[in-house]
Each structure stands twice: as C-alpha cells, then as structure tokens.
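**Student:**
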Amino acid sequence: MSTRLSFDKSLYAGKSVDEAVKVFAAHATFALEETPEAWVVNVTANVESKELRLTRELSNYALGLTVQSRGTSK
Amino acid sequence: MTDLISLAPKLDTSSQAFFRFRNIPNTTKTLITNYEGFYALLSKEEFERFATGTIEPNTPLHQRLSENNFLRATYDSKRAADRLWSRRQMLAQGPNLHMLVVTLRCNESCVYCHASRATMDRVDTDMSKETAEKAIDLILQSPNPNLTIEFQGGEPLVAFDVVKHAIQYANEKNKKAGKQLEFTMVTNMSLMDEEKLKFLLENRVQLCTSIDGPEHLHDLQRKLPRAPGGDGVGRKDGAHATAVKWIKRINEEWQKMGLDPTLYRVEALLTTTRDALPLWKEIVDTYVDLGCRALFLRPVDPFGWAEKTERKVEYPREEYLQFYKNVVDYMIELNAKGVQVLERYAAIFLSKFFGRDPNFLDLRSPAGAGIGALAYNYDGRVFSSDEGRMLHEMGDSSFEIGHVATSTYKELVGHPTVRSEVLASNLDGQPDCVNCTYNPYCGTQTAHNHKKFGTVFGRTRESTLCSVHKGIQDYLFERLAAEDPKVLDIFQKWTTNRPRTHFLQPTTPA
Amino acid sequence: MHHSVTTNLSNGSAAFTVDPSLYPLDALYGAAYVFIDRCFVFLEKNAQGHVVVSLAPKKGPADQPTLEKWAGEFSNELLSCAWRHQIAANNKQALEQVTSLALAGAMGPPSLDDLSNFDFSSQPLEDPLGIAMSWEEKYKKKPKP
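Residue numbers (this note's numbering), protein chains in the order written: chain G, -19 to 54; chain X, 47 to 556; chain R, 203 to 347.
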C-alpha cells in the first residue's frame, strides 16, 4: 500500500517538498516524480497503519517550509 | 443616525483633512478623530456640514474644527507633528518596566491565577541571587533614563531575600548607571511582617496588592490557608482581612513619613470575575473604605488557571461593559460628593483623548512587548511580556527571547519575536483598527492574540480586547458628549498626573 | 470565499475552495500557517483553478460541527490576512518608520564595543567619491608616465 501525494507547483516550493521528504525519510520509503504541474511523492510508510498520519505530517511540513521560504513581507 | 452613504450625493472631499468617524451609541453625536489624535464631537447637522464642505468661515464650528486640524485649509503640520510625537516619543526610549519573577511559589490559591503559581514546597522555582544580579545588569543597559523594577511572582514575599538582594545590588550598580530608578512590588501581603515592612519603607518600594472586592468575594476567590503562616503564627484572618490590615498599616506609615496621604497609598488591583459583576457597588465601596484612590477594572485574561476555570470565571464582554458603566457612573456620583476615586482605564483613555499620553504599555501602538517592558522569569529566561511568560508556564514558549546568563541586552530587544510583535501591534497595519475612530488612543496585545487566535496579529473584530476597548471608549465619549460641566471637571481631574517622587531611588554618583 | 464546506467524517477532514482572484496567495499562506499547529492543512488546485483547502485534525477524530467551525475560522483568518496584506502595502512607509524608531530606540545608540565588533569584511565598502581616502592619497600627484 502506498499513498500518492501531489504538491501543486504553484502552491508548494519544490525545495520545501524535498526538505520535508528528507525529514521523514526514516519513517517511510519515498518515490519522487515530477509532472508539469506538480511535485509528486509516493509514500510507503514503514508501518502501514501510520501512513495517513505520515502523509499529513509531511504535507504540513512542506507547507510550513513553503510559507517560511517566502518570508513575511511579500 | 448619520452616515456617509446618505450624504454621498453632496459629499465634498476637498475641504476636510484626514478623519475617521463613529456614531457614539446612546447619543445623537458623531465622533471624528484624526491621525494625530485630536477629536471633535459633532451634532448630526454639524457632521453633515463638515462632510459636505459647507461650513461657514468665522463660525464657532469652523474655529473648533480648525483648531483640531480637521480642515485642510488651516491644517497646522507642526501642531500635528507635536501631537503625534507626544504619543510616539516613548517608543524611542526603550524598555522602562522590568518585571522580576522572584519565585513562582505562592501561599494563596486564586481561582483565576494568571501566573500559574507553584505550591510552597517548590523551592526550585525561586530565583537565585546570581540570576537576579544578571537580570539587573541587563536592565541597567536599557537606554531609558527611567526604570522601574517590579517584583512579582508567585508571591515575592516568599523569596524576600532575593528581593532584598536585588534592591541592594541594583542601587549599587545604579551609582554608575545613573538611572531614575524605582521599585514596585506586587504582593498579596499575607507574608508581610515588621522586618520586611521596615526594609520596604526604608528602600522606598511602591506596594501594590490585589483586592477582588468585598471580603466574602475576595476570600471566595483567593484562598489563604488559615494554618500557620510564614510568620510562624497561627493565622486567624482570611486573605482579605490580612491584606486590608497591611494596606492600612502601610498607608499610615507613609503618612508618618510626612508623605501626602492623597498621593501615597497602596495601589490595589481588581481582577474582574463573573462573581464580581453584580457586586459593582460593593466593590467601589470596598476600595473607597480602604482609602484607595484608584480602581483598575481589568477583565480576566485567558492565561494560567483562568483558562482551566473559564466556565466559572469568564463572562460575555457585554456584561463586563455594563459592569464597567455601573462602576464609573457610581464613581462619578461619589466624586460629585467630594470622594476622590477614579477608574484606571478611564484615566488612561481620557488622558489620551486630551493629548497627555500616559504610556500604558497595553494601550499604545505599537504595544510595549519587548520595547517597553521585559519579564525575567525565576530561572533566568527572559520574555517580551509578562503574558508571554505566563504562556511559557502553560507550555508555550513562543515569547521567550533569551536568558540572563547568555543573552546580551541588544539581543533581547532586537530578537525576531520582538520585531514581529512591534509590527503586529502597530494599529496602522491591523485590519479594522486602521479604520477605527479610536485608532489614536488604542492598543492590542500580541500574547493575548497568539493565545486566542494562534497569531500575534489576532482578529480584531473577534477579540475580547477590542470589544472592551471600544466599549469603554464609547462610554467615555457618551459622557463627554453630554457636556455636563461636573463630569467634565471630574474627568479632567482624573487625568491630572501627580508624580510620586518619593519612590525614586536616591542617586549617589560612584 | 468557499462555496460550500465538504466534510468527510470517515477520514475526519473538511474541504472548501478559495478563489485566488479574490484572495492573494500570501493571504492564503498566512491563514494556512495559522492553522498548521492545530490541523493538517493541504492545498491543491481544482479544474477551475480554485484552491481546495483541506483541514484534518491533529488529535483524534473531529465531528462535523468542529470541522465546519475550523472552515469558518479559516475563512475569517483568510479575510483578515488579505486585508492586512493590502494595508501593509498601503502603509508600508509609516509602518517601517515606526518599527525602526521603536527598535532603534529600544536598542539605544551603538557602544564602542558594538563598533569595534562590527564585521566590515562581509560588506564590501564602496567609496565612489573617495570619502574614505586620505587627502594626500586622493590628491597626490600622479606619477608621470
């Protein structure tokens, strides 16, 4: 079982998604791909029952980093 | 009621200088204020003439608007700048108020305790003398020439050795720093004794306590164990009787020292709980009987135990505002009979209306967090406000900006959190506040916003702080609009600031 | 704002759409950031180019009223951020001046230690007018070719 997470390029910074994947690397296997519109992350959690939680944590982290990377004044 | 939409076809925007307007509830008057903080109360007809640019020159209305910088043709930039500077100059002076939490331990148990007090066996929550010294070294680096060190807790009398040491150390170090230094202590008085009192009097320490109202309410909300107290004597009095005994005693001592008894009194603070609301008259009478000249009707805050006991102590803010009006109406009645007692919020706001800003840190823009005040916790952690420190005790350290052992003064006040708070509490950047008629007189609190909304900016329209500030100002302008000479005279007296110079520490050059 | 809130109680989430022509992206980020400590927030775009915001609870399942309350609060925060974004742009100069005044005031003047510790090396010192040059250096006779 794995979960496909699609981060829209107009909403998420690619670097932030990469960074989030690195942070959660110990807890899951990640397969990354890129489409014209999105950064796609296929997540297979080490513990299947935690996959939903893991994908949500990853998404939050990527969003947080995206917001922070824009600064507050823009 | 007046509004601009009905006047739209006739509006003339070429004659007015910048203004904001608000219809004052329960009156037929419209309040206008400008950026620098002048105000005018206009009748419906006057406001229409103002908005439509049809005021005849050489009329009293023209003169009144002109004097207050509401007309473009006679706008006095220097006057505007002076007025604005009188409000903003304190921003350039640096932190004046420094709160030292000398212990978290407290022997009283209050239903709304904002400070998250610790029990009396938690000696690990006492500040060490070394930490106090390091805090004072930082405090004396503030560029502000006037510094107040406020001892609080917990109950500071529990750690009186630290208080004594801090006062002696600060005075010694101040010989070189040369600041106008004052000390204040916020205490429940229950552990006061002759020796401590002698030291506090000799060292000119201002004393401030809490009185929640009449004895039954105070003792219901503030539990003082009637077991042996810190003086080792079996205690037969409750929290109220104990506090009252020492308030009277201290007031007498100050009088014996030749100090003006109308000026030198123990200050007492009220935390307004739900149970206090119906007791507005009893509360005022209690304060007057105690000889207190001022009452500060602070609503309960969402910090410390007050969050856990919210269902018991909280109330809708409309009920608070009715309570507020009842109290101040009654105070005005008393003043008219010669009894001198004022409400602090009213005094602060009225002073601002009249152009004399008292620099109250929670009612200014930007607010005082970090740039007007700093809080030093018992363990040496430094916070940009006391509320920020309270949040830390609740598990949220968002407002921690350093440590006395490792941070420099400039690192503290230049901390990114302080910068964010300065930006976030500037009302010229806040939705709603930016257009609010009360903008020149008001303020917001970043820690309160963070707690309630998860952001230092908050959301003004949903904020209880905003409803309280707006409600009080509406009420005060309602009273001003009535133009009752007796009330105007009382309000003027409430804004008269008589400095209490006895509390300034004597300075001896090193 | 959002046309409707769709709640999915089985996975405990609420979703609603935001029209990006009404709200700047920075306002959306601002509101999302306020919520990431209490919710899981996910943003995606639908076929109309609207942003779909999904909120899921961090702790335990959430009932329908809670999910709808979050969506409502998010909407309020979004509006607040959008307006603040506009005000910050309009009042930029005044806000910057007051902030500088307050922070510089709190810091006080630089001390001699501050000046001696200042790292000039990381900032190339441009001196097009030759102000930092000594008079002798600036006006010395050029060697004859």
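For each residue, glycine too, the CB sits at the ideal point set by N, CA and C. None of the values given here were measured: they were computed from a predicted structure.
By alpha-carbon positions, which one of Arg390/X, Glu298/X and Thr59/X ends up nearest to His515/X?
**Tutor:** Among Arg390/X, Glu298/X and Thr59/X, the Cα nearest to that of His515/X is on Arg390/X.
**Student:** Give the secondary structure of Phe400/X by DSSP, where H, G and I count as helix, E and B as strand, and everything else as coil.
**Tutor:** Three-state DSSP puts Phe400/X in coil, outside helix and strand.
**Student:** Could you tell me whether the stretch 186 to 194 of chain X touches the stretch 430 to 446 of chain X, where touching means 3 or more Cβ pairs closer than 8 Å?
**Tutor:** In short, these stretches do not touch, since the Cβ pair count stays below three.
**Student:** Residues of chain G with CB under 9 Å from Lys261/R, in chain order?
**Tutor:** Ordered by position in chain G, no residue passes the 9 Å Cβ test against Lys261/R, which lies about 11 Å from the chain.
**Student:** Below 7 Å between beta carbons is the criterion; list the residues of the stretch 205 to 231 of chain X that meet it against any residue of chain R, in chain order.
**Tutor:** Here the close residues number zero.
**Student:** What first and last residue would you give for the beta strand (DSSP E) that runs through Thr463/X?
**Tutor:** Element bounds for Thr463/X: not the beta strand (DSSP E) but the alpha helix (DSSP H), Pro462 to Ala470.
**Student:** What does a CB cutoff of less than 8 Å around Lys54/G pick up in its chain, not counting 5 residues either side in sequence?
**Tutor:** Low confidence applies here, because Lys54/G scores a pLDDT of 35, under 50, leaving its location unreliable; read the following figure in that light. Excluding sequence neighbours, Lys54/G sits near nothing in its chain.
**Student:** Would you mind stating whether Gly350/X and Ser162/X have Cβ atoms separated by less than 9 Å?
**Tutor:** Yes; because the gap between Cβ atoms is below 9 Å, this pair is in contact.
**Student:** Unbroken alpha helix (DSSP H) runs of length 4 or more, entirely within the stretch 75 to 102 of chain X: which are they?
**Tutor:** With a minimum length of 4 residues, the continuous alpha helix (DSSP H) runs that stay inside the stretch 75 to 102 of chain X are 90 to 97.
**Student:** Quick one, which residues of the stretch 463 to 492 of chain X are near chain R if we go by CB-CB under 9 Å, in chain order?
**Tutor:** For the stretch 463 to 492 of chain X, which is checked against every Cβ of chain R, the residues closer than 9 Å are Val464, Arg465, Val468, Leu469, Asn472, Asp474, Gly475, Gln476, Pro477, Asp478 and Val480.
**Student:** Round the Cβ separation of Glu196/X and Met145/X to the nearest angstrom and send it over; I've been treating them as touching at under 8 Å.
**Tutor:** Sure, about 5 Å apart at Cβ, within 8 Å.
**Student:** On the criterion of 16 or more Cβ atoms from any shown chain inside 10 Å, does Trp131/X qualify as buried, or is it exposed?
**Tutor:** Exposed, since its Cβ has fewer than 16 Cβ neighbours within 10 Å.
**Student:** Please report the residue range of the alpha helix (DSSP H) in which Asn142/X lies.
**Tutor:** Segment: none, Asn142/X is in no alpha helix (DSSP H) and carries neither H nor E.
**Student:** Should Arg410/X go down as buried or exposed, given a rule of 16 or more other Cβ atoms within 10 Å for buried?
**Tutor:** With 16 or more Cβ atoms within 10 Å of its Cβ, Arg410/X is classed as buried.
**Student:** Residues in the same chain with beta-carbon distance under 7 Å from Phe399/X, minus the five sequence neighbours each way, listed in chain order, please.
**Tutor:** So the qualifying residues of the chain are Tyr85 and Tyr487.
**Student:** Can you pull out the residues from the stretch 280 to 300 of chain R whose beta carbon lies closer than 7 Å to at least one beta carbon of chain G?
**Tutor:** Residues: none.
**Student:** Excluding five sequence neighbours on each side, which residues of the same chain lie with their C-beta closer than 6 Å to the C-beta of Gly(-6)/G?
**Tutor:** Contacts found: Trp19.
**Student:** Considering Lys30/G, what are the terminal residues of the beta strand (DSSP E) in which it resides?
**Tutor:** Neither: Lys30/G is in no beta strand (DSSP E) and is coded neither H nor E.
**Student:** Straight-line CA distance for His548/X to Met231/X?
**Tutor:** Their Cα atoms are separated by approximately 15 Å.
**Student:** According to DSSP, simplified to helix, strand and coil, what is His264/X?
**Tutor:** In the structure shown, His264/X sits in a helix (DSSP, three-state: H, G or I).
**Student:** Specify the secondary structure class of Gly276/X as computed by DSSP and reduced to three states.
**Tutor:** Confidence at Gly276/X is low in this model, with a pLDDT of 49, below 50, so the placement of that residue should be treated as unreliable; the coordinate-derived value is given next. Gly276/X falls in the coil class under three-state DSSP.
**Student:** Under 9 Å between beta-carbons, which chain G residues line up against Glu246/R? List them in chain order, please.
**Tutor:** Chain G residues near Glu246/R: Ser(-14), Phe(-13), Asp(-12), Leu(-9) and Ala18.
**Student:** Excluding sequence positions up to five away, which residues of its chain have a Cβ less than 7 Å from the Cβ of Thr233/X?
**Tutor:** Excluding residues within five positions, the ones whose Cβ falls inside 7 Å are Glu201, Pro202, Leu203, Leu253 and Thr255.
**Student:** Can you tell me where the alpha helix (DSSP H) holding Leu280/R begins and where it ends?
**Tutor:** Taken as a continuous stretch (DSSP letters only), the alpha helix (DSSP H) holding Leu280/R covers Gln266 to Asn292.
**Student:** State the start and end residues of the unbroken beta strand (DSSP E) segment that holds Ala258/R.
**Tutor:** Segment Val253 to Pro259, the beta strand (DSSP E) holding Ala258/R.
**Student:** Using a C-beta to C-beta distance shorter than 7 Å, which residues of chain X count as neighbours of Gly274/R?
**Tutor:** Result: empty, since nearest Cβ-Cβ is about 11 Å, beyond 7 Å.
**Student:** Just the Cα atoms here: how many angstroms apart are Ser(-14)/G and Glu246/R?
**Tutor:** Approximately 8 Å, taken between the alpha carbons.
**Student:** Could you confirm whether any beta carbon from chain R is found closer than 9 Å to the beta carbon of Asn26/G?
**Tutor:** Judged by the 9 Å Cβ criterion, Asn26/G is not in contact with chain R.
**Student:** Here's the rule: buried if 16 or more other CB atoms are within 10 angstroms of the residue's CB, otherwise exposed. What is Thr541/X?
**Tutor:** Burial call: buried.
**Student:** Would you mind reading off the limits of the alpha helix (DSSP H) that contains Arg68/X?
**Tutor:** That residue, Arg68/X, is in no alpha helix (DSSP H); its beta strand (DSSP E) goes Arg66 to Asn69.
**Student:** Can you confirm whether Thr553/X, when its beta carbon is compared against all beta carbons of chain R, has any partner nearer than 9 Å?
**Tutor:** No, Thr553/X does not count as interfacial toward chain R.
**Student:** Can you check whether the CB of Ile329/X is closer than 9 Å to the CB of Ile293/X?
**Tutor:** No.
**Student:** For Ala229/R, which residues of its own chain have a beta-carbon under 7 Å away from its beta-carbon, when the five flanking residues on both sides are left out?
**Tutor:** Leu280, Cys283, Ala284 and His287.
**Student:** Out of Ala290/R, Ala296/R and Ala291/R, which one is the CA nearest neighbour of Arg134/X?
**Tutor:** Minimum Cα distance to Arg134/X is reached at Ala296/R.
**Student:** In chain X, which residues lie less than 8 Å from Leu305/R when you measure between Cβ atoms?
**Tutor:** Chain X residues near Leu305/R: Ile417, Val459, Gly460, Val464, Arg465 and Val468.
**Student:** Return the chain-ordered list of same chain residues with a C-beta closer than 8 Å to the C-beta of Arg403/X, the five sequence neighbours on each side being excluded.
**Tutor:** A small correction: the amino acid at residue 403/X is Asp; Arg does not occupy that position in the sequence shown. Excluding residues within five positions, the ones whose Cβ falls inside 8 Å are Ser132, Arg133, Met136, Ser397 and Arg410.
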